[in-house]
Amino acid sequence: MSTGADAPHNGFRPATEPVLLSQLGALSGASLDGPDIQVSGITLRAQAAGAGDVFAAMAGTRTHGATYVSQAEAAGAVAVFTDPAGLETVRGVGSTLPVLVHPEPRSVLGAVSARVYGDPSSKLTLIGITGTSGKTTTSYLAESALRAAGKSVGLVGTTGSRIDGEPIPSDLTTPEAPDLQRLLAVMLERGADAVVMEVSSHALSLGRVDGCRFAVGVFTNLSQDHLDYHKTMDEYFDAKARLFASDSPNRAARTVICVDDEWGARMARIASDGGHPTVTVSTGETPGDWHVSAVISDLQGSQRVSAVGPDGAAHDILVPLPGAYNVANALVALAAVDAAGVDVDVAIEGLAHVAVPGRVEKVDRGQDFLAVVDYAHKPAAVEAVLATLAADTDGRIAVVLGAGGDRDTEKRPLMGAAAVRAADLVIVTDDNPRSENPSTIRAAVVAGVEGVPAAQRRASDVREIGDRRAAITAAVEWARSGDVVLVAGKGHETGQEINGVKHPFDDRTVLGEALESISGDALLRVMVAESGADVPAAKRLLRAMVAVAADSGAGSAHRSGDSARTWAVFGELADADGADDNSRAVDHDGLGRQAVRVAVDKIIAVGESRVVRALHQGAVMEGSWGDEAAFVGTPAEAVDHMRTAPGYRPGPGDVVVVAGPDDLAPALIDFWQNELHLQVRRVQV
4 MSTGADAPHN GFRPATEPVL LSQLGALSGA SLDGPDIQVS GITLRAQAAG
54 AGDVFAAMAG TRTHGATYVS QAEAAGAVAV FTDPAGLETV RGVGSTLPVL
104 VHPEPRSVLG AVSARVYGDP SSKLTLIGIT GTSGKTTTSY LAESALRAAG
154 KSVGLVGTTG SRIDGEPIPS DLTTPEAPDL QRLLAVMLER GADAVVMEVS
204 SHALSLGRVD GCRFAVGVFT NLSQDHLDYH KTMDEYFDAK ARLFASDSPN
254 RAARTVICVD DEWGARMARI ASDGGHPTVT VSTGETPGDW HVSAVISDLQ
304 GSQRVSAVGP DGAAHDILVP LPGAYNVANA LVALAAVDAA GVDVDVAIEG
354 LAHVAVPGRV EKVDRGQDFL AVVDYAHKPA AVEAVLATLA ADTDGRIAVV
404 LGAGGDRDTE KRPLMGAAAV RAADLVIVTD DNPRSENPST IRAAVVAGVE
454 GVPAAQRRAS DVREIGDRRA AITAAVEWAR SGDVVLVAGK GHETGQEING
504 VKHPFDDRTV LGEALESISG DALLRVMVAE SGADVPAAKR LLRAMVAVAA
554 DSGAGSAHRS GDSARTWAVF GELADADGAD DNSRAVDHDG LGRQAVRVAV
604 DKIIAVGESR VVRALHQGAV MEGSWGDEAA FVGTPAEAVD HMRTAPGYRP
654 GPGDVVVVAG PDDLAPALID FWQNELHLQV RRVQV
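In terms of our numbering, the sequence shown is residues 4 to 688.
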């Protein structure tokens, strides 16, 4: 087997047993024009041909593949597979290569390709997963379960292909038939005994999986997508049904169907036609052979699931992913590997260790809010991931999303509508505009946002920022402690396609860079005392602030020149046990003096009581200050003082400690964020 960058077929070529052209003709019904020779490979791309290959020259929408026969022959091709028009072109350019001629060569390309590469799927446990959402996650879950059972596993799908964890890049969810059969042969040659494959509707419609023998076919769900190609939902469904219908050459030997939606129930009826072995999965009210009895979520994004199998046995499953839809994905994966003969308990162990690129993938740079990237690029997927995030947070949610160009245009406004119903901030940006005008795509998404009645909106802030990097940065700058930032649409992708050029762009990397940019001097760090704090607690907070300020160089004790400052904003604090008014005034006076002694730059005393006045006076007397210490009556007056008094506006890099009534910190933080537009980070102590 040849490998490396100079080898054909993306660097992978299996050692196959040569086959005669006449044998391929007998299999496919093609006639042979020229001598009968042996071939050992097949490709659709002339430039990728290798020694001993058949060049499959298909008619295109603009150019017939046979036009490139000379290029294929120069690269090593020894024969051509084409239609009558292609034969005429081949002979017209003077090529004498033997030609297999079929009236509709694409219709038998899968079977021919499988035969060239030794029918590899017949020697593998091949699990095919189709559906609108969840294919990638379910495939990773199934792969993990199979590997836990000791299987050597290949994976083919949206994130690329891999063999026992070794990646093989791929631009298509399901490769073209020659590439797919070659890939399966390579996996088999490298010791794989099972392969999990995402099977797209395009792959089923275009015959890319023809020639594959599926041991298990899986259906996850159906929602609007790809209607630029399929035109109607029924046509889209019918394409998926080719993996399950009794009259389809793609029908799997066994089938697993999630019946959580009406399309699943319909697919189950098709799959079970004639008593075909079919297992149903349900996470809701619909009865299923596998069904969920309880789900417990934790704060780390994992879920404990109690499920019951077809035999009535109960199973406890750890799903290391958030969201109800991932419970469905996990149960479907478990049912699939069970149908493939894997021990259920072993499979459950495998499910617990899965990680899926770009699917609710956390990006952590030490920020105090959740930032995630997700591949959601369909209305139902956007709705589902936002619902999942909302269930796990009490904070606000920002979503950055767009829609792809040259694809289903009907889903664009639906995505905008889903976002504005479920997020507090919606930033409409560019996804992969491809050949379309990006502003036209964004306008369609924004139209969906604007079409949602005010009473149904959660979002109070909607922005249109075409530059995706700038949009991600804006969401990060908006976020504060406890919030969630979701960057949706591209997930694992590492490029952005604009006008036919794929530019390097990874949402995870860009989000990480934006998070890093708000660290350090770009932040206003705020330390807030717990509700009901007393003077000793406020003094402890002051000492903690000194350490934070020392680390960052903030405050007069550490800085040189005009740089970051330290602040103390104190209101009346809780009574000490048995303290009278005089002793409380002394305690508050001491707090004001301590703030001066630790070199706080600005002190604001907030309240109308005697003890708060004592706090202010203690600071003034200790430091002989004037404008450095202020005394105001209410939180609103504290905000107004910062708004109007010279030198009383905190800035990036400053450190603030706040202790007092419960309404003091929220009023200040709201002012800093929404009027001064500072990035506030609550420092936990």
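Backbone N, C-alpha and C fix where the C-beta goes; we use that ideal spot for every residue, glycine too.
Length of the line joining the Cα atoms of residue i and residue j
i: Glu-265; j: Asp-666; result: 50 Å
i: Ala-532; j: Gly-353; result: 44 Å
i: Val-487; j: His-495; result: 19 Å
i: Ala-632; j: Ile-475; result: 39 Å
i: Ala-180; j: Phe-372; result: 45 Å
i: Thr-258; j: Pro-38; result: 44 Å
i: Pro-178; j: Ala-206; result: 8 Å
i: Cys-261; j: Ala-342; result: 14 Å
i: Val-322; j: Leu-514; result: 26 Å
i: Arg-211; j: Arg-118; result: 14 Å
i: Val-221; j: Gly-398; result: 37 Å
i: Ile-171; j: Ala-541; result: 58 Å
i: Val-349; j: Ala-52; result: 43 Å
i: Leu-594; j: Glu-611; result: 17 Å
i: Ala-617; j: Ile-607; result: 12 Å
i: Ala-317; j: Ser-534; result: 45 Å
i: Asn-502; j: Arg-424; result: 32 Å
Residues of its chain near residue i, where Cβ-Cβ distance is below 6 Å and the 5 sequence neighbours each way are ignored
i: Glu-625; result: Arg-596, Val-599
i: Ala-383; result: Ser-226
i: Leu-679; result: none
i: Pro-664; result: Gly-574
i: Ser-563; result: Summary for Ser-563: the model assigns pLDDT 42, below 50, so the residue's position carries little reliability, and this model does not support an answer.
Cross-strand partners of residue i (DSSP beta bridge)
i: Gly-220; result: Gly-131, Thr-258
i: Val-251; result: Residue 251 is actually Ser in this sequence, not Val. Its beta-bridge partners do not exist; DSSP assigns none.
i: His-318; result: Ala-310
i: Glu-201; result: Ile-132
i: Phe-84; result: Ala-59, Leu-103
i: Asp-377; result: Ala-491
i: Val-635; result: Val-609
i: Lys-365; result: Val-375
i: Ile-351; result: The partner list for Ile-351 (beta bridge, DSSP) is empty, contrary to what the question assumes.
i: Ile-430; result: Val-403, Arg-466
i: Ser-300; result: Gln-306
i: His-67; result: Ala-62
i: Trp-570; result: Lys-605, Val-659
i: Ser-34; result: Val-104
Assigned secondary structure, residue i (DSSP; H/G/I helix, E/B strand, else coil)
i: Gly-53; result: coil
i: Met-530; result: strand
i: Thr-46; result: strand
i: Lys-505; result: strand
i: Lys-542; result: helix
i: His-294; result: strand
i: His-356; result: coil
i: Gly-168; result: coil
i: Gln-620; result: helix
i: Asp-537; result: strand
i: Val-284; result: strand
i: Asp-74; result: Per the sequence shown, residue 74 should be read as Gln rather than Asp. Of the three classes helix, strand and coil, the one that applies to Gln-74 here is helix, per DSSP.
i: Ser-275; result: coil
i: Arg-269; result: helix
Cβ-heavy atom distance, residue i to the ligand FMN, below 6 Å
i: Val-452; result: Within the structure as shown, the ligand FMN is missing, as the structure has no ligands at all.
Closest by C-alpha distance to residue i, when choosing among the options
i: Val-623; options: Ala-641, Ala-639, Val-603, Thr-637; result: Val-603
i: Arg-472; options: Ala-517, Trp-481, Ala-462; result: Ala-517
i: Ala-670; options: Val-572, Leu-526, Met-548; result: Val-572
i: Asn-435; options: Asp-411, Arg-424, Asp-427; result: Asp-411
i: Gly-451; options: Ala-458, Ala-422, Ser-251, Ser-438; result: Ala-422
i: Pro-106; options: Ser-164, Gly-194, Ser-31; result: Ser-31
i: Ala-256; options: Asp-263, Leu-35, Asp-583, Gly-277; result: Gly-277
i: Val-549; options: Val-660, Ser-34, Val-448, Gly-194; result: Val-660
Sequence-distant residues of the same chain with beta carbon closer than 7 Å to residue i, five excluded per side
i: Ala-244; result: Met-270, Ile-273
i: Ala-552; result: Gly-558, His-561, Thr-569, Val-658
i: Pro-441; result: Asp-433, Gly-469
i: Phe-240; result: Leu-225, Trp-266
i: Val-340; result: Ala-145, Ala-148, Leu-149, Ala-350
i: Val-376; result: Gly-361, Glu-364, Val-366, Val-490, Gly-494, Asp-510, Arg-511, Leu-514
i: Lys-126; result: Leu-191
i: Ser-5; result: With a pLDDT of only 34 at Ser-5, under 50, the local geometry of the prediction cannot be trusted, and the value read off the model is given with reservation. Cβ within range, chain order: Arg-16.
i: Ala-355; result: Leu-321, Pro-323
Close-in-space but distant-in-sequence residues of the same chain around residue i (CB under 8 Å, 5 per side omitted)
i: Val-93; result: Ala-60, Ala-69, Val-72, Val-83, Thr-85, Leu-100, Val-102
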